[in-house]
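This report refers to the structure that appears directly beneath it.
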Ligand SMILES: [Zn+2]
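In the numbering used here, the protein residues as written are 11 to 440.
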């Protein structure tokens with residue numbers, strides 16, 4: 011059975027696709043009228059728009075395309091004839107519900123390297139170019155939402171957080187501003203942050219994606235890449251403009267995706283309890299006149315992916331002696347080749363985007379996250395670990411292993427035989 015929409019005939023399909031393959035490595039053929047990008051320039055017109063749309067290759071000035079990992083689905087729907095490849099989005103009424111004021115950090119080419127700070131402002135700052143036909147697409151979108159979360163309702167019932175009609179409505183919803191951010195990489199500064207040569211970075215990115223973007227190696231003049239990876243979302247509790255004021259109390263949780271726990275409530279780790287506790291405390295901070303931010307990064311399974319993660323779960327639970335805190339990190343490394351592939355080096359970019367200078371309460375036990383934030387020039391006053399009563403029984407292995415390896419905790423740390431004794435549930439084989 012064909013999955014292709016039945017209402018699209020072959021003629022239309024051919025119209026939607028482009029019959030010629032144009033190699034973007036030949037710069038006399040494409041990018042001939044592309045605008046330069048001066049990363050970090052103060053005037054947005056001087057900085058130049060990031061143009062990664064494909065409707066007019068003459069104008070394109072960045073490698074890759076929009077929508078992060080969904081770029082492949084867009085290609086698929088064009089291949090199926092479902093929508094035209096030269097579609098130009100109608101941006102009317104899509105402007106942010108609240109604008110992020112330009113911050114000093116936007117004008118330092120090394121401070122923000124993995125997102126475009128002008129990404130939400132495309133419609134206003136690049137209007138003269140849009141009016142003359144340039145197809146410039148926002149890489150950041152900002153809207154308002156209400157969050158209705160069972161754990162927060164429980165906390166309201168227990169009296170841990172109150173309905174104030176402002177941050178938490180009488181329907182027990184939390185009011186937030188949410189900001190979706192697509193990855194936009196400025197390659198020279200990305201290389202610098204990793205202390206590697208830009209040419210080496212470009213070559214390895216090209217090789218290890220099976221040669222996905224030839225321009226990485228053939229067009230060193232193009233410095234910006236929109237990588238086909240997951241995006242990030244910031245949830246802001248209270249006033250967005252307060253984030254940049256170091257005198258206003260700020261509570262922050264930087265959370266890496268864990269679909270199994272975050273969405274499905276799987277109990278092998280502490281991800282969802284940590285996330286919902288972070289949300290609760292961010293809302294509580296906003297209620298007492300401060301501001302909260304929770305940033306959600308699509309870096310599933312320490313950016314190793316969910317397949318690797320589930321393989322590790324099996325390996326942990328089937329090993330001799332069963333799942334144990336003492337061997338937690340070792341088993342991940344055996345399967346994945348590395349303990350962690352998240353690279354927190356880019357994470358503070360989102361915080362710098364909002365002009366954050368001081369975090370009063372950081373909800374994280376991770377030293378990698380802490381070090382990256384401090385290195386980015388942001389002060390951290392208090393570090394908060396997850397309260398013991400929120401840790402699921404089967405997640406004791408993870409939490410004790412992390413504490414033993416040096417993750418931050420205000421509680422005790424196990425070692426030797428006491429660490430060996432922390433065991434997880436046996437695998438219930440089918
Ligand atoms: Zn998890």
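From the three backbone atoms N, C-alpha and C, an ideal C-beta is built for every residue, glycine too.
The structure displayed is predicted, hence computed values, not measured ones.
Distance from the Cα of residue 56 is smallest, within the candidate group 83, 92, 117, 86, for 117.
Within the segment 357 to 394, the complete beta strand (DSSP E) segments at least 3 residues long are 368 to 373, 389 to 394, listed from N- to C-terminus. Per DSSP, the beta-bridge partners of residue 266 are 307. For residue 206, the number of other beta carbons within 10 angstroms of its own is below 16, and it is reported as exposed. By the beta-carbon neighbour count (other beta carbons within 10 angstroms, threshold 16), residue 121 is buried. Secondary structure remark: continuous alpha helix (DSSP H) runs of at least 4 residues inside the segment 98 to 175, in chain order: 132 to 135, 137 to 141, 160 to 168. Below 8 Å, too few C-beta pairs join the segment 242 to 250 and the segment 266 to 286 to call them touching: fewer than three. Looking at the DSSP output, residue 236 shares a beta bridge with 74. Non-local beta-carbon contacts of residue 126 in its own chain, meaning distances under 6 Å to residues more than five positions away in sequence, involve 60, 149, 194 in chain order. Around the beta carbon of residue 289, 16 or more other beta carbons sit within 10 angstroms, so the residue counts as buried.
DSSP places residue 417 outside both helix and strand once states are collapsed to three, so it counts as coil.
The beta carbon of residue 292 is closer than 7 Å to those of 247, 261, 263, 302, 303, 304 in its chain, skipping five residues each way along the sequence. Collapsing the DSSP output to three states places residue 401 in coil.
Within 10 angstroms of the beta-carbon of residue 93 lie fewer than 16 other beta-carbons, which makes it exposed.
By the Cβ-count criterion, residue 170 is exposed, with fewer than 16 other Cβ atoms from all chains shown falling within 10 Å of its own Cβ. Between ligand 1 and the CB of residue 268, the shortest heavy atom gap is smaller than 7 Å. Checking the 7 Å criterion, the Cβ of residue 271 is within range of a heavy atom belonging to ligand 1. Short of 8 Å from the beta carbon of residue 416, and not among the five residues preceding or following it, lie these beta carbons of its own chain, in chain order: 377. The segment 404 to 414 and the segment 427 to 436 touch, with three or more beta-carbon pairs separated by less than 8 Å. Minimum Cα-Cα distance from residue 382 among the listed residues 80, 356, 365 corresponds to 356.
In the displayed model, residue 181 falls within coil according to three-state DSSP, outside both helix and strand. The beta carbon of residue 128 sits closer than 7 Å to those of 54, 57, 135, all from its chain and outside the five residues before and after it, given in chain order. In the DSSP assignment, residue 81 falls within the alpha helix (DSSP H) that extends over 81 to 89.
Positions of the beta strand (DSSP E) runs, each at least 3 residues long and wholly inside the segment 188 to 262, are given as 234 to 236, 242 to 247 in order along the chain. Taking 8 Å as the cut-off, the Cβ atoms of residue 343 and residue 310 do not count as close.
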